[in-house]
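> Can you keep this structure in mind? I'll have questions shortly.
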Amino acid sequence: GFSVSELWKAHMRHQDPAETLNKDIISHFVLRLVYCRTEELRKWFLSMENTLFRYRFRLESPESQRLLMSEFQLPYKALPHSEFEAVKDKLSQVARSIGQSASVESVFFKVPFEEVPDLVASRRVFLSKGYAYVAMSQVVSLVVTQFRCNISKALVLTNRKWTATIKEQEKDRLTPIVEALSNAYFGPDYSQPNDATEISPKDIDQLARTSFPLCMRHMLEKLRENHHLKHGGRMQFGLFLKGAGLKLEDALTFWRSEFSQKVGSERFDKEYAYSIRHNYGKEGKRTDYTSYSCQKIISATPGVGDHHGCPYRHFGEENLRAALNNMGVGGNALEGILDKVKNRHYQLACTMTFEATHGVSCDTGINHPNQYFSESQKVLQAKNQTVQSQLST
Numbered sequence: 001g002f003s004v005s006e007l008w009k010a011h012m013r014h015q016d017p018a019e020t021l022n023k024d025i026i027s028h029f030v031l032r033l034v035y036c037r038t039e040e041l042r043k044w045f046l047s048m049e050n051t052l053f054r055y056r057f058r059l060e061s062p063e064s065q066r067l068l069m070s071e072f073q074l075p076y077k078a079l080p081h082s083e084f085e086a087v088k089d090k091l092s093q094v095a096r097s098i099g100q101s102a103s104v105e106s107v108f109f110k111v112p113f114e115e116v117p118d119l120v121a122s123r124r125v126f127l128s129k130g131y132a133y134v135a136m137s138q139v140v141s142l143v144v145t146q147f148r149c150n151i152s153k154a155l156v157l158t159n160r161k162w163t164a165t166i167k168e169q170e171k172d173r174l175t176p177i178v179e180a181l182s183n184a185y186f187g188p189d190y191s192q193p194n195d196a197t198e199i200s201p202k203d204i205d206q207l208a209r210t211s212f213p214l215c216m217r218h219m220l221e222k223l224r225e226n227h228h229l230k231h232g233g234r235m236q237f238g239l240f241l242k243g244a245g246l247k248l249e250d251a252l253t254f255w256r257s258e259f260s261q262k263v264g265s266e267r268f269d270k271e272y273a274y275s276i277r278h279n280y281g282k283e284g285k286r287t288d289y290t291s292y293s294c295q296k297i298i299s300a301t302p303g304v305g306d307h308h309g310c311p312y313r314h315f316g317e318e319n320l321r322a323a324l325n326n327m328g329v330g331g332n333a334l335e336g337i338l339d340k341v342k343n344r345h346y347q348l349a350c351t352m353t354f355e356a357t358h359g360v361s362c363d364t365g366i367n368h369p370n371q372y373f374s375e376s377q378k379v380l381q382a383k384n385q386t387v388q389s390q391l392s393t
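Be aware that the sequence shown starts at 1, since it is given in UniProt numbering, and climbs by one per residue.
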């Protein structure tokens with residue numbers, strides 16, 4: 001996705017430092033309220049706050065980094081000179097092995113190894129007798145553990161207060177905002193396909209192979225296989241197709257041709273056609289429904305026999321492996337994707353799938369299935385133009 005620094009500059013900078021500080025504090029505590037309410041939300045928020053903290057800590061001078069360490073009351077002292085000399089060679093070996101210059105930094109902290117799991121896991125520290133020797137340039141890993149722990153406790157307390165009193169007291173003012181924000185999607189609106197795009201039922205299988213994200217490919221496969229999708233799947237897939245440019249008449253043709261094989265066209269017209277017209281704003285309150293964003297899809301809870309939801313979140317590892325192999329993703333790319341899934345970064349996993357199947361990098365990150373589709377179409381059109389121009393020369 002966007003780098004932390006770009007996002008920070010775009011949204012948080014202000015000429016007046018006091019104003020920047022104000023924005024920082026208010027946004028943090030509003031989000032703390034929004035994301036304290038379930039285990040899942042808390043985990044997501046902690047991982048984002050961690051990333052932001054690491055970025056900001058690295059910008060600080062060594063002096064203020066040390067001040068922060070004492071503020072967190074971290075009980076670590078810099079390694080005395082005599083002890084440093086005794087392990088200097090080992091430290092320089094580690095520095096070389098991680099591609100840093102062999103001239104060793106002079107300030108190190110000796111800490112119990114379990115305090116820096118990330119550094120131990122990536123073999124970036126010298127370990128001896130249960131202690132890790134952490135360089136000043138790596139101190140962020142020490143501080144972030146403490147920071148995460150503090151915020152984690154604070155979120156649990158906030159949640160208690162929220163459920164005990166605030167939620168009820170604020171039911172007319174804050175509560176609706178807080179409840180809406182965690183599902184809010186701030187990206188482009190994909191409810192109306194741009195005028196240039198129109199797809200027809202006969203293109204769908206081909207487009208699915210080249211340009212559908214895994215969640216939509218999966219539902220199409222199941223629809224072709226069972227000639228049926230339950231309500232959650234019809235909503236998620238139907239609105240996606242609408243956003244991709246499938247007109248109402250074509251949508252009715254497409255769904256009828258599948259469903260009628262199972263329930264007959266009469267029952268289709270009676271029981272299912274209404275909800276398709278409804279999605280296009282032609283029935284009931286005539287609301288024009290918007291296709292679902294990744295965040296909404298990830299927070300779904302598909303039951304038995306359901307095929308909607310996010311495969312990166314809702315599939316078991318074996319199924320996900322097979323599905324990705326099927327898309328032509330293997331080797332290191334596949335392992336990288338599964339690693340993101342283990343760490344609950346489902347959208348990053350989807351972004352990496354996009355990059356692996358299209359051979360380009362996707363800097364914006366994937367936040368919406370229709371964005372995946374339109375980005376994919378752009379990449380393929382650009383490739384086609386290149387081929388055409390080579391042929392015509």
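Glycine is no exception: its CB is placed at the ideal position from the N, C-alpha and C atoms. Bear in mind that the values here come from a model prediction, so they are computed numbers and not experimental data.
Curious, which full-length alpha helix (DSSP H) runs of at least 4 residues does the segment 275-312 contain?
Whole alpha helix (DSSP H) segments, 4+ residues: 294-298.
> Kindly give me the distance between the Cβ atoms of T145 and E168, rounded to whole angstroms, as I take these residues to be in contact under 8 Å.
Rounded, the Cβ-Cβ distance is 35 Å, inconsistent with contact.
> In whole angstroms, what is the alpha-carbon distance linking G1 and S182?
Unreliable positioning characterises G1 in this predicted model, as indicated by a pLDDT of 44, which lies under 50. The coordinate reading is nonetheless provided below. C-alpha separation (whole angstroms): 19 Å.
> In whole angstroms, what is the alpha-carbon distance linking L74 and L239?
52 Å
> Pick from F268, R277, E375 and L155: whose alpha carbon is nearest that of L31?
L155
> If you run the structure through DSSP and keep just helix, strand and coil, what is T386?
Residue state, collapsed to three classes: helix.
> Excluding five sequence neighbours on each side, which residues of the same chain lie with their C-beta closer than 8 Å to the C-beta of S5?
Sequence-distant partners of S5 (beyond 5 residues in either direction) whose C-beta falls short of 8 Å from its own C-beta, in its chain, are Y55.
> Which residue's Cα is closest to the Cα of L52: K9, E63 and Y76?
K9
> Exposed or buried, which one is N159 when buried takes at least 16 other CB atoms within 10 Å?
N159 is buried by the Cβ-count criterion.
> Could you give the DSSP three-state label for F72: helix, strand or coil?
coil
> Let me check understanding here. Comparing Cα to Cα, which of N343, L334, Y289 and P176 lies closest to W44?
N343
> For G1, which of helix, strand or coil comes out of DSSP?
Note on G1: pLDDT 44, under 50, position unreliable in the model; the coordinate value appears next. Looking at G1 - three-state DSSP - the assignment turns out to be coil, as it is neither helix nor strand.
> Using a Cβ-Cβ cut-off of 6 Å (strictly less than) and excluding sequence neighbours within five positions of S374, which residues of its own chain qualify?
none
> Leaving aside the five residues before and after T301 along the sequence, list all residues of the same chain whose C-beta is less than 6 Å from its C-beta, in chain order.
none
> Pick out whichever of F212, T38, N279 and F237 has its Cα sitting closest to the Cα of Q377.
Considering only alpha carbons, the answer is F212.
> May I ask you to check if the CB of Y131 is nearer than 7 Å to at least one heavy atom of the ligand NAP?
This structure lacks the ligand NAP, and indeed carries no ligand of any kind.
> To which residues does DSSP link I199 through a beta bridge?
L246.
> Compare the beta carbon distance of F254 and L248 with 8 Å and say whether it is the shorter of the two.
Not in contact: F254 and L248 (Cβ atoms no closer than 8 Å).
> Is it buried or exposed for I276, if we count other Cβ within 10 angstroms and need 16 for buried?
Residue environment for I276: buried (at least 16 other C-beta atoms within 10 angstroms of its C-beta).
> Looking only at its own chain, which residues have a Cβ that is under 6 Å from the Cβ of L334, when we skip the five neighbours before and after it?
L324.
> Do L33 and W162 have their C-beta atoms within less than 8 Å of each other?
Taking 8 Å as the Cβ cut-off, L33 and W162 qualify as a contacting pair.
> Could you tell me the distance, in whole angstroms, from the CA atom of F259 to the CA atom of A322?
27 Å
> How is the beta strand (DSSP E) around A323 delimited, first residue to last?
For A323, there is no enclosing beta strand (DSSP E); the residue is part of the alpha helix (DSSP H) that begins and ends at E317 to N326.
> Report the rounded CA-to-CA distance for D306 versus H228, giving the unit in angstroms.
10 Å
> Tell me which residue opens and which closes the alpha helix (DSSP H) that A78 is part of.
Per DSSP, A78 belongs to no alpha helix (DSSP H) and is neither H nor E.
> Within 10 Å of its beta-carbon, does G331 have 16 or more other beta-carbons around it, so buried, or fewer, so exposed?
exposed
> Hey, how far is the Cα of M235 from the Cα of I204?
17 Å
> State yes or no: is the C-beta of C215 within less than 8 Å of the C-beta of C362?
no
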